[in-house]
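Have a look at the structure below, then the notes.
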Amino acid sequence: ATDLHPADINGKADPYIAIKLGKTDIKDKENYISKQLNPVFGKSFDIEATFPMESMLTVAVYDWDLVGTDDLIGETKIDLENRFYSKHRATCGVSQTYSIHGYNTWRDPMKPSQILSKLCKEGKVDGPHFGPGGRVKVANRVFTGPTEIEDENGQKKPTDEHLALAALRHWEDIPRAGCRLVPEHVETRPLLNPDKPGIEQGRLEMWVDMFPMDMPAPGPAIDISPRKPKKYELRVIVWNTDEVILEDDDYFTGEKSSDIFVRGWLKGQQEDKQDTDVHYHSLTGEGNFNWRYIFPFDYLMAEEKIVISKKESMFSWDETEYKIPARLTLQVWDADHFSADDFLGTCRVQG
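Going by the UniProt record's numbering, the sequence shown opens with residue 1, and the numbers climb by one from there.
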């Protein structure tokens, strides 16, 4: 979901998904996402329904509350029966490619050639006629495409499915019976609240696949669970400093000097900052350390972000997840015994 309306006094929400279809009522409140207005749910639900008694699907987003009843943020309603019987074939979106393995495996229990034959029969359209040279003729239109497909072992096999898919993706060009078929896509639906009519409460990104129970079972559902960060360790060697500002004046000689140390941390983890030892009484701005920092962190490669989970305050019930850029901050300080240390300079290293 994106741009959810805040439901708590801290300007955030603890959203979770609730689904209702006929007598089926699912509330996924155990997996609420703490203090987020743009949560990634990554959930998939399988529900059996009978038309026309169970045709109106309601997908709602609720705000979880520790005390009291949970608040409705917004909901969206979908007429499944209308989609199921639509001539645009909204049961399962037509994919851009046909694959029999991998993350983009064809999901529909009917292959493209079977769908094309069914549409031609229902629309009384001549075809499909598969010919040599990667060509298929439907009515008076000719479509071209690959004629081989690669299996899991890397072996190429002859197939007509790519040609059939090319015809399906241009079904609107077929005279009389043609119309645009729903492509594979993610819907972005507005969330509305009956208590606040006409005011959008955020948006929900989702899709619905429908498969008749008398058809062959579809393949496994796509895994859309949120990516898990991997644990890494950043090692930083502070070797020397040079030309550091001389901040102190010697009481007796008036000679300029600095007691240099280096402080470092990863962005978002200031509470875990680390300091080198102190190079005392540097007269030239040079400091010798050979000091090593070790920063453990969780990194999400796909988004190039560090993932941090921590409580916003000592009164927080649970941890909140933050995604921030990978950035190392290094600072040079002058150590003082009886007063606050003096800041001398900083640099940031972007990951």
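For every residue, glycine included, the Cβ atom is placed at its ideal position computed from N, Cα and C.
Which residues does DSSP pair with residue i in a beta bridge?
| i | result |
| --- | --- |
| residue 350 | 327 |
| residue 193 | 196 |
| residue 291 | 238 |
| residue 60 | 18 and 75 |
| residue 299 | 230 and 306 |
| residue 109 | None, per the DSSP bridge assignment. |
| residue 283 | Bridge partners of residue 283: none, in fact. |
| residue 129 | 137 |
| residue 260 | 279 and 334 |
| residue 183 | 94 |
| residue 342 | 334 |
| residue 142 | 137 |
| residue 274 | 264 |
What span of residues does the beta strand (DSSP E) with residue i cover, start to end?
| i | result |
| --- | --- |
| residue 112 | No beta strand (DSSP E) holds residue 112; the alpha helix (DSSP H) holding it covers 112-122. |
| residue 227 | Neither: residue 227 is in no beta strand (DSSP E) and is coded neither H nor E. |
| residue 9 | Unbroken run through residue 9: none, as it is neither H nor E. |
| residue 158 | 156-158 |
| residue 150 | 148-150 |
Nearest-angstrom Cα distance between residue i and residue j?
| i | j | result |
| --- | --- | --- |
| residue 323 | residue 69 | 30 angstroms |
| residue 224 | residue 161 | 26 angstroms |
| residue 247 | residue 277 | 18 angstroms |
| residue 90 | residue 302 | 31 angstroms |
| residue 128 | residue 50 | 33 angstroms |
| residue 165 | residue 185 | 16 angstroms |
| residue 24 | residue 325 | 42 angstroms |
| residue 134 | residue 146 | 6 angstroms |
| residue 307 | residue 2 | 19 angstroms |
| residue 275 | residue 203 | 45 angstroms |
| residue 153 | residue 293 | 46 angstroms |
| residue 252 | residue 281 | 14 angstroms |
| residue 96 | residue 150 | 16 angstroms |
| residue 260 | residue 233 | 26 angstroms |
| residue 167 | residue 187 | 24 angstroms |
For residue i, collect the residues of the same chain with a Cβ closer than 7 angstroms to its Cβ; drop the 5 residues on either side in sequence, then sort them by chain order.
| i | result |
| --- | --- |
| residue 220 | none |
| residue 72 | 60, 62 and 193 |
| residue 148 | 156, 157, 158 and 159 |
| residue 52 | 81 |
| residue 139 | 125, 126, 127, 174 and 175 |
| residue 336 | 342 |
Apart from the five residues just before and just after residue i, which ones in its own chain have a Cβ nearer than 6 angstroms to its Cβ?
| i | result |
| --- | --- |
| residue 320 | 34, 35 and 312 |
| residue 57 | 21, 78 and 80 |
| residue 209 | 92 |
If you reduce the DSSP assignment to three classes, tell me which class residue i lands in.
| i | result |
| --- | --- |
| residue 54 | coil |
| residue 171 | helix |
| residue 266 | strand |
| residue 321 | strand |
| residue 27 | strand |
| residue 165 | helix |
| residue 48 | coil |
| residue 255 | coil |
| residue 249 | strand |
| residue 205 | strand |
| residue 70 | coil |
For residue i, which residues in the same chain have their Cβ closer than 8 angstroms to its Cβ, ignoring the five residues on either side in sequence?
| i | result |
| --- | --- |
| residue 272 | 265, 266 and 295 |
| residue 290 | 237, 238 and 239 |
| residue 213 | 48 |
| residue 310 | 319, 320 and 322 |
In terms of residues, what are the limits of the alpha helix (DSSP H) holding residue i?
| i | result |
| --- | --- |
| residue 81 | 80-84 |
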